[in-house]
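Each step along the sequence shown adds one to the number in numbering that gives the first Met the number 0, with nothing skipped, and position 357 is 356.
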Amino acid sequence: MRIPLPPLLATALLLAACQDPAARVAAPRPDALRAAKAPPAPGRTVWMDHLDAPRGLAFAPDGALYVTEAGNTTVTSTCTPLPRGRYCYSGTGAISRRGRGGQERVVSGLPSYYNADMQDITGPQHLDFQGMGSLYFTIGWGGPPLGRLGLAPFGAAFGTLNVLRPSGAWTRVADIAAFEQDHNPDGEVFDSNPYGLLAEGGGQYVTDAGGNDLLHVDMQGDVLLVAVFPRVPAPPTFGGSTQAVPTEVVRGPDGALYVSTLSGAPFTTGTAIVYRVTEDGTRTVFAPGFKTITDLAFGPDGSLYVLQFATGDPFFAGPGKLWRVARDGTRTTVAENLPAATAIAIGDDGAFYVAINGNVAGRGQVLRIVP
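The structure is reproduced here in structure tokens:
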């Protein structure tokens, strides 16, 4: 089943349309966003295949590559109507890996839902390793936190940060959506969609794409606000402004945090930004002028690699693209023609591993790219 809008993008589209009168423009037709296999290219091979909407990538300490899968369109009878459509529990989220033994599922049956009205899946989002074995991952939501009650007894698992132990058991670490309900730092409508993740010794950083903020979860599981990301002006053709929609957080070689944004409707070039954030929450624009950023990674040379979900305007026209931002700010293209690109990881071998078709159940892939 083709899923034209990842829930992260669909949420941003809805929020922008609801709050920016000038941004109430027609959404792209479903067939305009159909995922496609990336054509063969020099230095490009399929590393993992047949994934259910891959969203995040991370290398384990043993060198195996792990990927989160949001799930597929299988649903149960547990459903709830929300502003974005009818959410039906699926429970088909998963985490897979490729190591020396090939590709395999590590855990399946993770919380996920399918929204047939928007044709999207939400489930496990990004992931990161902490120490020698603890794998942390976010489970998205994409809606008002209280809306989770409609998916009881499964709803409480959404909008959360979780940890997968080496034994295969997973538990909730923090309720990110509850923090949004209690504090709503950006002052917009109540909305939570935990997405990006950085796991470190002192806790975990999480980007809430719905709440437009960066949070820190300490070792006791308490959630603390680090930074809120402001709206940015939409192009004059559309007017108004668009929400930030933060997607990923990484640690830079200078010790600061770097946070990417997707932006909201109409998702035009120039509205996605990379911010530099210090520990006290001070944020500055580091690299503006991108479009629909879904992931970031620093290379061993200190360059920042920026992954775009799409390249064409408006909305999500055109395949994704991987950029290199050198220390002096110079930008060069690393890889193009990456359909629905959602995640990047840089291997010890110097290759780039990119998740594509991140909005498609069963057709997601991870490409190994050697420039």
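Every residue gets a Cβ at the ideal spot worked out from N, C-alpha and C, and that includes glycine.
Unbroken alpha helix (DSSP H) run spanning residue i, endpoints
i, result
"Phe178", "175 to 182"
Distance cut-off 7 Å: residue i Cβ against heavy atoms of the ligand MN
i, result
"Gly357", "Ligands in the displayed structure: none, and consequently the ligand MN is not present."
Residue i: first and last residue of the uninterrupted beta strand (DSSP E) it sits in
i, result
"Leu150", "Looking at the DSSP string, Leu150 is not in any beta strand (DSSP E), and its letter there is neither H nor E."
"Ser133", "133 to 138"
"Arg104", "101 to 109"
"Leu145", "Neither: Leu145 is in no beta strand (DSSP E) and is coded neither H nor E."
"Gln129", "123 to 129"
"Arg367", "363 to 368"
"Phe297", "292 to 297"
"Pro287", "282 to 289"
"Thr332", "330 to 337"
"Arg323", "319 to 324"
"Asn161", "159 to 163"
"Phe351", "351 to 355"
"Val359", "It is not in any beta strand (DSSP E) - Val359 carries neither H nor E in the DSSP assignment."
"Ala344", "342 to 345"
"Gln118", "Note, Gln118: premise wrong, no beta strand (DSSP E); not H, not E."
Nearest-angstrom Cβ-Cβ length linking residue i and residue j, presumed shorter than 8 Å
i, j, result
"Arg282", "Ala226", "5 Å"
"Ala57", "Leu109", "So it is not a contact: roughly 16 Å between Cβ atoms."
"Val249", "Phe308", "So it is not a contact: roughly 17 Å between Cβ atoms."
"Leu366", "Ile343", "Actually they do not touch by this definition, with Cβ atoms about 10 Å apart."
"Val353", "Leu306", "7 Å"
"Pro152", "Gln180", "At roughly 19 Å, the Cβ-Cβ gap does not stay under 8 Å, so Pro152 and Gln180 are not in contact."
"Ala198", "Tyr135", "4 Å"
"Val276", "Leu261", "That belief does not hold up - the Cβ atoms of Val276 and Leu261 are roughly 17 Å apart, past 8 Å."
"Gly132", "Pro165", "4 Å"
Short Cβ contact (8 Å threshold) for residue i with residue j
i, j, result
"Asp373", "Thr332", "Within the shown structure, residues of the chain are numbered from 0 to 370, placing residue 373 beyond reach of any answer."
"Thr206", "Thr246", "yes"
"Gly220", "Thr241", "no"
"Leu338", "Gly361", "The question names Leu, but residue 338 in the sequence shown is Pro. Taking 8 Å as the Cβ cut-off, Pro338 and Gly361 do not qualify as a contacting pair."
"Gln118", "Thr137", "no"
"Phe314", "Tyr274", "no"
"Ser89", "Ser107", "no"
"Arg54", "Ala69", "yes"
"Asp141", "Gly209", "Strictly speaking, residue 141 in this sequence is Gly, with Asp absent from that position. Contact: yes."
"Thr91", "Thr73", "yes"
"Ile175", "Val222", "yes"
"Asp217", "Pro184", "no"
"Thr270", "Ala316", "no"
"Pro48", "Gln364", "Note that residue 48 corresponds to Asp in the displayed sequence, not to Pro. Closer than 8 Å, so yes."
"Arg85", "Asn114", "yes"
"Thr67", "Leu150", "no"
"Gly139", "Pro193", "yes"
"Arg323", "Tyr304", "yes"
"Leu163", "Trp169", "yes"
"Leu214", "Phe157", "no"
"Gly42", "Ile355", "no"
"Pro287", "Ala334", "no"
"Phe289", "Pro265", "no"
"Pro252", "Gly301", "yes"
Query raised in the report: Taking the runs of the beta strand (DSSP E) that are 3 residues or longer, which of them lie wholly in the region 243 to 272?
Result: Listed in chain order, the beta strand (DSSP E) runs fully inside the region 243 to 272 are 245 to 250, 256 to 260, counting runs of at least 3 residues.
Query raised in the report: Hey, which unbroken runs of the beta strand (DSSP E) at 3 residues or more fall wholly within the region 45 to 96?
Result: Those beta strand (DSSP E) runs which fall completely within the region 45 to 96 and span 3+ residues are 53 to 58, 64 to 68, 78 to 81, 84 to 88.
Requested in this report: Answer yes if the region 52 to 66 comes into contact with the region 91 to 110, meaning at least three C-beta pairs across the two stretches below 8 Å, and no otherwise.
Outcome: Proximity of the region 91 to 110 to the region 52 to 66 meets the contact definition, three or more beta-carbon pairs being nearer than 8 Å.
Query raised in the report: In chain order, which beta strand (DSSP E) runs of at least 3 residues are fully inside the region 184 to 244?
Result: Listed in chain order, the complete beta strand (DSSP E) runs (minimum 3 residues) inside the region 184 to 244 are 193 to 199, 202 to 207, 212 to 216, 222 to 227.
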